[in-house]
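Data first, discussion second: the structure below is written as structure tokens.
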């Protein structure tokens, strides 16, 4: 059994917990939190909730610690810190800062003889793996990434911060005509606006100026100004009834050409009912891989690019070759 | 530069050659054939065509030998034989015999300190990798594989062997309703007939009994009897004009559930204008990986399951993390 600790029990932590439940070779040995442990009720019976401070000094009931924190401030500090004690997996997703994060984790992990797998999930993660396979096979080509239809937490939060907004949910939606042109091998050059639209569902305070709220959303720099955005005002009841899930997904489409002049389209598409449950399942599978690699004496920072697919599976090489090759 | 030899110059060998042309770090140093070398005219200028016998004793101008032979009789003999001299890559695709082939190649490669990567291409190959990723992430799920629309060489050959047939091309076509049900997460149980249809284009000899030919095709055991098959008789000119390409592709669709009761659909889809050029490009990328792994001292038989994605790329880890993660 591979002993897993989860640090952080938000949506993602609960997703990892759900994935461990489906994996007969993984065992959850503790959930660690920076909140007061007695305020947390977790889904797995008989598993302790402990303060994050109990992760130091090093415990012997954790083979891999899965760190479920935010990329803005949590992970840049936590992943290197805990990599100096444990094999760790995180889902760091601030693309521009990945090289810096990798270096910090690599230094800590190499010094401690542990593995720190960073930026795991589906983007970065499975989408990255598919981009890499495609461009390695077909060097003359163009990668396209479309997100959605799905809930963007960051954009939902941005709308919630507007004065007069009680609750909000933002869906990112790929533009069908853009998807079709890419799938047809037309290699279009697409602006931000041509690739995705944004749809917001907003619960406003009673008496709030809805026209102002809508305008503030649509003109918000970075988040909405470069997109065609639709805003719907709904009631709190409608929000709860129709928008309580966290679906997401998207497509990585690669349009490549071989020297004979032929075009090849490779598409990897995810349609996820629950973004955190799928992401948690990816993290759990890579935690298995990290444990196996660590047993082979490997150390340092790693990404999904560095892990052979067989390491993700509990099955032996013989089983995999006989049934899945 | 990684020095590549190609053994066998049919459609696949030419596909590998075209891929090498697009890869600045790969160099074709020779094409080897069991035919008389002077009967072969290859597409790359300045590269020698040599008899297969010149592969023995071991040459020093080959880092990886890509063996482009048939799975029925060529590869079971050739891959172990040449793995005792060179790092080799093959596209062995008789699924039921993969374990036996793996063992034979493993024995030869381990004794020689070489790597023998078997069963590379897209199925087995990229489809296998995607099946493995999906089932490792979502252990509670069902994998579906659809092939086509594309030309099946084996089925085309089977039709050509019928008396009175001058030429034939067989297309395998997934049934749209089956694809849709799987993509919708309905987890249908599908018979062979419900998954694919077969469409044949046949050039018959003058005066041949077309009704008999059509009946022989539709009732042919293993190849056609279990499918709904359509047969069209066309002229040799129409065959040349409309059916000279070798397009193929298909989808691996995985429908999985997480413990929270949510459904997730993962689809990997290929739409290939040229089956041999894409397959050749996959083999060339894995030849690069084999060369890198060999330089690290790895030996033995390997499959696509055992190769981390980063090994397929000529780019450094830094470049990949900065731009493609």
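Residue numbers (our numbering), protein chains in the order written: chain Z, 0 to 324; chain W, 0 to 324. Using N, Cα and C, we set each Cβ at its ideal position, and we do this for glycine too. The structure presented is a predicted model; accordingly, all values stated were derived computationally and were not measured.
Asked                                                                                                                        : Found
Stretch-stretch touch, CB-based, cutoff 8 Å, three pairs: the stretch 285-302 of chain W with the stretch 268-280 of chain Z : no
Exposed unless 16 or more other CB atoms sit within 10 angstroms - verdict on residue 55(W)                                  : exposed
Listed by chain order, chain W residues near residue 262(Z) by CB distance under 8 Å                                         : 272
Sheet register partners of residue 199(Z) (DSSP bridge)                                                                      : 169(Z), 230(Z)
Contact under 8 Å by Cβ, residue 226(Z) with residue 192(Z)                                                                  : yes
Under 9 Å from the C-beta of residue 267(Z): neighbouring residues of chain W                                                : 129, 265, 266, 267, 268
Sub-8 Å separation of residue 124(Z) and residue 303(Z) beta-carbons                                                         : yes
Residues that residue 281(Z) contacts on chain W, provided the C-beta gap is smaller than 7 Å                                : 136
Stretch pair the stretch 19-30 of chain W + the stretch 54-73 of chain Z: three plus CB contacts closer than 8 Å             : no
Interface flag, residue 304(W) vs chain Z, CB-CB below 8 Å                                                                   : yes
Where the stretch 245-261 of chain Z meets chain W: residues whose CB sits under 7 Å from a CB there                         : 257, 258, 259, 261
Beta carbon proximity, residue 292(Z) to chain W, threshold 8 Å                                                              : no
Rounded straight-line distance, which links the Cα of residue 310(W) to that of residue 11(W)                                : 22 Å
Straight-line Cα distance separating residue 32(W) from residue 7(W)                                                         : 5 Å
Assigned secondary structure, residue 57(Z) (DSSP; H/G/I helix, E/B strand, else coil)                                       : coil
Where residue 138(Z) falls, given that 16 or more other Cβ within 10 Å makes a residue buried                                : buried
For residue 283(W) and residue 257(Z), the rounded distance between their alpha carbons                                      : 12 Å
Residue 154(W): first and last residue of the uninterrupted alpha helix (DSSP H) it sits in                                  : 152-159
Sheet register partners of residue 263(Z) (DSSP bridge)                                                                      : 255(Z), 271(W)
Cβ-based neighbour list, residue 103(W), same chain, cut-off 8 Å, excluding 5 preceding and 5 following                      : 75, 78, 79
Enclosing alpha helix (DSSP H) for residue 78(Z) [first to last residue]                                                     : 73-82
Within chain W, partners of residue 233(Z) - CB distance below 9 Å                                                           : Correct list: empty, because the minimum Cβ distance to chain W is about 23 Å.
Residue 165(W) burial status per 10 Å Cβ neighbour count (16 or more: buried)                                                : exposed
Per-residue contacts from residue 276(W) into chain Z (C-beta, under 7 Å)                                                    : 257, 259, 261
Chain W contacts from the stretch 99-118 of chain Z (Cβ-Cβ distance under 7 Å)                                               : 101, 118
Distance CB(residue 142(W))-CB(residue 160(W)) smaller than 8 Å                                                              : no
As assigned by DSSP and simplified to three states, the class of residue 221(W)                                              : coil
Cβ contact (3+ pairs, closer than 8 Å) linking the stretch 228-240 of chain W and the stretch 201-219 of chain W             : yes
Distance cut-off 7 Å: residue 18(W) Cβ against heavy atoms of the ligand SAM                                                 : With respect to small molecules bound, the structure shown includes none, and the ligand SAM cannot be examined in it.
Interface residues of the stretch 22-50 of chain Z facing chain W [CB-CB below 7 Å]                                          : 22
Residue span of the beta strand (DSSP E) that contains residue 89(Z), given as start and end                                 : 86-89
CB of residue 248(W) within 8 Å of CB of residue 147(W), strictly                                                            : yes
Residue 135(Z) - containing beta strand (DSSP E), residue span                                                               : Note, residue 135(Z): premise wrong, no beta strand (DSSP E); alpha helix (DSSP H) at 125-136.
C-beta neighbour in chain Z for residue 307(W), strict 8 Å                                                                   : yes
Identity of the residue in 176(W), 140(W), 167(W) nearest residue 152(W) by Cα                                               : 167(W)
Environment of residue 239(W) [buried if 16+ CB atoms lie within 10 Å]                                                       : exposed
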